[in-house]
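All letters in the sequence shown, in the order written, are residues 285 to 390 by the working numbering.
Even glycine gets a Cβ: it sits at the ideal position worked out from N, Cα and C.
Below is one structure, written out as structure tokens; comments come after it.
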Amino acid sequence: MVLMRHEIGDVLRDYRLQRGKTLRQVAGRANVALGYLSEIERGQKEASSEVLQSIAEALESPLSEILIEVGERLSMFEELTPVSNVPDTLPDELYRDLGPVGASQR
Numbered sequence: 285m286v287l288m289r290h291e292i293g294d295v296l297r298d299y300r301l302q303r304g305k306t307l308r309q310v311a312g313r314a315n316v317a318l319g320y321l322s323e324i325e326r327g328q329k330e331a332s333s334e335v336l337q338s339i340a341e342a343l344e345s346p347l348s349e350i351l352i353e354v355g356e357r358l359s360m361f362e363e364l365t366p367v368s369n370v371p372d373t374l375p376d377e378l379y380r381d382l383g384p385v386g387a388s389q390r
């Protein structure tokens with residue numbers, strides 16, 4: 285199971301590295317503790333929307349852009365993860381309960 289906080293952390297780290305910024309630089313500009321930012325990037329802590337907005341501003345990126353990237357990564361995991369325990373047909377006992385109409389649709 286993929287956790288959203290892990291994907292958020294990965295995206296924030298990727299954005300920071302793409303911009304050539306250190307944890308210290310981003311933490312200082314975002315006014316968050318260096319250790320806290322590190323924990324967010326490693327997916328160990330969940331950040332509030334206010335903290336995410338501050339980090340996005342420190343990265344000079346719109347928060348919406350960061351969240352879109354997170355969503356795209358999550359959707360890739362969802363496409364790879366098969367849905368389990370969902371039958372593709374109705375069990376026989378449900379058809380019996382439907383009566384003659386249900387049986388003809390079988």
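Using CA atoms only, rank isn't needed, just tell me which of the options is closest to residue i.
i, options, result
"Val335", "Leu301, Ile292, Ser359", "Ile292"
"Arg313", "Ile352, Leu358, Glu344, Glu323", "Glu344"
"Asp255", "Leu364, Val354, Ser359", "Nothing can be reported for residue 255, as the shown portion of the chain is limited to 285 through 390."
Taking the straight line between their C-alpha atoms, what separation do you get for residue i and residue j?
i, j, result
"Ile339", "Met288", "17 Å"
"His290", "Glu349", "17 Å"
"Ala342", "Glu362", "30 Å"
"Tyr320", "Met285", "24 Å"
"Val316", "Leu347", "16 Å"
"Arg303", "Leu364", "30 Å"
Can you tell me which of the three DSSP states residue i falls into?
i, result
"Ser338", "helix"
"Gly304", "coil"
"Val316", "coil"
"Val286", "coil"
Just to check my reading of the structure: residue i and residue j have Cβ atoms closer than 8 Å, yes? What is that Cβ distance to the nearest angstrom?
i, j, result
"Val310", "Arg300", "5 Å"
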